[in-house]
Amino acid sequence: MATSTFDTLLQKIETRAARAGIIGLGYVGLPLAIAVARSGFAVTGFDIDPGKMVALEARRSYIDAVSNEALATEIEAGRFQATTDFVGLAECDIIIICVPTPLTKHRDPDLSFVETTSRSIAEHLRPGQLVALESTTYPGTTDDIVKVILEGTGLKSGADFFVGFSPEREDPGNQHYHTATIPKVVAGDGAEALALMKAFYGAAVSTVVPVSSNATAEAVKLTENIFRSVNIALVNELKTVYAAMGIDVWEVIEAAKTKPFGYMPFYPGPGLGGHCIPIDPFYLTWKSREYELPTRFIELAGEINSAMPRYVVGKLAEALDMRAGKALSRSRVLVLGLAYKKNVADIRESPSLRLIEIIEERGGRADYHDPFVAEIPPTREYQALKGRKSVTLTPEAVAGYDAVLVATDHDSVDYAALAKTAALIVDTRNVFNRLGLSADHIIKA
Ligand SMILES: NC(=O)c1ccc[n+]([C@@H]2O[C@H](COP(=O)([O-])OP(=O)(O)OC[C@H]3O[C@@H](n4cnc5c(N)ncnc54)[C@H](O)[C@@H]3O)[C@@H](O)[C@H]2O)c1
27 MATSTFDTLL QKIETRAARA GIIGLGYVGL PLAIAVARSG FAVTGFDIDP GKMVALEARR
87 SYIDAVSNEA LATEIEAGRF QATTDFVGLA ECDIIIICVP TPLTKHRDPD LSFVETTSRS
147 IAEHLRPGQL VALESTTYPG TTDDIVKVIL EGTGLKSGAD FFVGFSPERE DPGNQHYHTA
207 TIPKVVAGDG AEALALMKAF YGAAVSTVVP VSSNATAEAV KLTENIFRSV NIALVNELKT
267 VYAAMGIDVW EVIEAAKTKP FGYMPFYPGP GLGGHCIPID PFYLTWKSRE YELPTRFIEL
327 AGEINSAMPR YVVGKLAEAL DMRAGKALSR SRVLVLGLAY KKNVADIRES PSLRLIEIIE
387 ERGGRADYHD PFVAEIPPTR EYQALKGRKS VTLTPEAVAG YDAVLVATDH DSVDYAALAK
447 TAALIVDTRN VFNRLGLSAD HIIKA
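Residue numbering for the sequence shown follows the working numbering, starting at 27 and increasing by one per position.
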């Protein structure tokens with residue numbers, strides 16, 4: 027029985043006769059759906075958001091990494107369709123889960139999306155299917171939650187159906203790598219599940235990296251993001267220490283990175299942003315409590331990184347006071363860049379929102395300019411900022427502010443013009459120095 031379900035599915039994958047179902051068509055799921063369709067599989071995308079269906083129906087991509095043309099090509103070739111009706115899961119041979127894994131208000135893992143989705147899959151589960159989780163999570167989720175819910179149907183993993191984990195490594199805005207060219211770590215519950223994961227993902231991406239268990243693959247993803255969080259915290263700490271000593275941390279990093287081995291540059295900034303790095307490390311912190319093991323590095327990095335917006339506003343207040351004789355409470359500040367990183371429109375967990383909030387808590391007034399974010403959408407944490415609009419960057423508008431605070435160094439901004447018109451600039455990204463625009467009224471923070 028086990029061999030025949032396995033052989034049949036493997037053959038369907040190898041001949042591209044298998045249909046893939048991708049649940050959750052967001053930043054991760056939509057690019058994956060297109061990459062899988064492009065490799066020759068028929069793909070059904072499932073999402074609960076009717077707005078996404080309207081956009082896809084109109085061949086309109088809402089994710090930067092997927093162009094409207096790429097989307098239209100796959101739809102018109104009959105390889106990609108999207109639906110909110112989960113009945114179609116029964117027709118899928120491979121089902122991939124790409125739903126959100128946020129933190130709760132108390133910063134514990136919120137696996138409710140993964141659990142709901144697993145229950146939807148269980149309703150339609152049949153022998154001969156491969157179910158893979160891609161959502162970032164703590165080690166043990168695939169085997170202890172997804173597999174357990176699916177086995178509640180009476181079918182057995184490794185015999186009737188197969189379960190695997192493959193972490194997502196999307197890097198929004200990266201011009202050099204995309205879904206198909208980023209090596210993909212894969213794992214499975216048992217040798218046959220792993221072989222199916224290798225065959226399926228190997229068809230869609232250029233390199234697969236097999237590891238021995240689903241928990242190992244889950245740990246790989248967390249390790250990558252914890253590595254970034256800790257190293258960013260380290261340079262943020264060095265920034266504050268060196269600033270007090272009159273040393274420019276960016277100059278230090280530029281020189282340090284000329285060492286051809288044993289050093290890797292990370293850059294300081296106004297705080298962590300994005301959907302992954304501020305959140306994922308705490309999935310491991312939470313799980314490690316079960317083993318009574320502290321995760322001091324992870325928590326310390328979180329503490330240092332989340333203190334950055336307040337540090338930056340402190341530097342802004344100091345500069346206003348010392349250079350313009352003005353209190354922050356009576357100042358108008360233009361925050362430049364709302365997105366958490368350059369050249370993208372993503373504002374999830376963006377420190378810019380926190381900067382605006384802190385400036386206004388201290389009595390100042392903060393507006394923002396961002397070429398990618400025309401208006402602040404509703405957010406759970408910053409409801410008071412909803413509906414504010416990006417200020418157009420004219421010389422007159424800029425001259426009306428006491429300071430410009432650079433939070434995100436989008437490439438399309440005319441920094442030379444800004445340097446001419448702004449009264450005071452506080453730069454958290456070292457962009458002015460990089461462009462050879464250093465001046466007395468530009469300070470780093
Ligand atoms: N965004 C990234 O760059 C990135 C990178 C690596 C890993 N991840 C991880 O991938 C996972 C997905 O993240 P994302 O950024 O794509 O999130 P997202 O919010 O962009 O997309 C998630 C999608 O899932 C849909 N959804 C929610 N509940 C659903 C349900 N029950 N059934 C079907 N669809 C449902 C939502 O409507 C949304 O379209 C998360 O675990 C995240 O940590 C994200």
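Glycine residues also receive a C-beta, built at the ideal position from the N, C-alpha and C atoms.
Is it true that the CB of residue j sits closer than 7 Å to the CB of residue i?
i	j	result
Leu17	Phe139	Since the displayed the chain opens at 27 and closes at 471, residue 17 lies outside it and no answer follows.
Pro335	Pro296	yes
Asn240	Thr168	yes
Tyr366	Gly300	yes
Leu56	Val92	yes
Glu244	Pro165	yes
Leu362	Val432	yes
Cys61	Thr163	The residue asked about is misnamed: residue 61 is Ala in this sequence, not Cys. No, the pair does not count as a contact, with Cβ atoms beyond the cut-off.
Phe188	Ala219	yes
Gly199	Val430	no
Lys38	Ala44	yes
Asp428	Ser378	no
Val275	Leu260	no
Lys352	Ala471	no
Ala230	Ser65	yes
Gly214	Met223	yes
Pro307	Ile330	no
Ser144	Val125	no
Ala410	Val359	no
Ala327	Ser255	yes
Between residue i and the rest of its own chain, which residues show a CB-CB distance below 7 Å, the 5 nearest in sequence each way excluded?
i	result
Leu51	Ala59, Gly71, Asp73, Lys78 and Ala108
Ala116	His150 and Arg152
Ser355	Arg388, Gly389 and Gly390
Val211	Ser192, Pro193, Val235, Val237, Ala243 and Val246
Arg406	none
Gly462	none
Val54	Cys124, Glu160, Glu194 and Glu196
Could you have a look at residue i and say whether DSSP puts it in helix, strand or coil?
i	result
Glu401	strand
Arg406	coil
Val439	coil
Met27	The pLDDT assigned to Met27 is 46, lower than 50, so where the model puts this residue is not dependable; a value taken from the coordinates is nonetheless given after this. The answer is coil: DSSP assigns Met27 none of H, G, I, E or B.
Thr34	helix
Asn459	helix
Thr142	helix
Tyr289	coil
Tyr268	helix
Pro304	coil
Thr89	It is Ile, not Thr, that sits at residue 89 in the sequence shown. Residue state, collapsed to three classes: coil.
Leu248	helix
Ser464	coil
Arg42	coil
Val20	Within the shown structure, residues of the chain are numbered from 27 to 471, placing residue 20 beyond reach of any answer.
Pro296	coil
Thr284	coil
Pro76	helix
Gly389	coil
Using DSSP's beta-bridge definition, name the partner residues of residue i.
i	result
Ile48	Gly71 and Ile122
Pro135	Leu129
Pro236	Val212
Phe106	Val69
Tyr394	Val361
Asp453	Val432 and Lys470
Lys415	Glu401
Who are the Cβ neighbours of residue i in its own chain at under 8 Å, not counting the five residues just before and after it?
i	result
Tyr177	Looking at the sequence shown, residue 177 is not Tyr but Glu. Cβ neighbours of Glu177 beyond the five flanking positions: Ser183.
Glu401	Gly413, Arg414, Lys415 and Ser416
Tyr203	Asp197
Gln155	Leu35, Cys118, Asp119, Ile120, Ile121, Phe187 and Phe188
Ile384	Pro335, Arg336 and Val339
Thr454	Pro294, Gly295, Pro296, Val338, Leu431, Val432, Ala433, Lys470 and Ala471
Lys446	Pro421
Cutting at 6 Å between CB atoms, please list the residues of its own chain near residue i, excluding the five before and the five after it.
i	result
Ala63	Val69, Glu100, Arg105 and Phe106
Pro291	Ile279 and Lys283
Ala28	Confidence in Ala28 is poor, its pLDDT being 48 and thus under 50, which makes the residue's placement unreliable; the coordinate value appears in the next sentence. Within the same chain, Ala28 has close Cβ partners Ala185.
Is residue i near ligand 2 - that is, is its Cβ less than 6 Å away from at least one heavy atom of it?
i	result
Glu194	With respect to ligand 2, the structure offers nothing, as its ligand set consists of ligand 1.
Is there a C-beta anywhere in chain B that falls below 7 Å from the one on residue i?
i	result
Tyr309	The chain inventory of the structure shown lacks chain B, comprising one protein chain alone.
Check your understanding: Taking only runs of the alpha helix (DSSP H) that begin and end inside the region 187-221, which ones reach a length of at least 4 residues, in chain order?
Key -> Counting whole runs of 4 or more residues, the region 187-221 contains no alpha helix (DSSP H) stretch at all.
**Study point:** Runs of alpha helix (DSSP H) wholly within the region 156-182 (minimum 4 residues, chain order)
**Key:** Whole alpha helix (DSSP H) segments, 4+ residues: 173-177.
Review point. What are the complete beta strand (DSSP E) segments, minimum 3 residues, inside the region 318-382?
Key: If we require 3 residues or more, the beta strand (DSSP E) runs fully inside the region 318-382 come out as 358-362.
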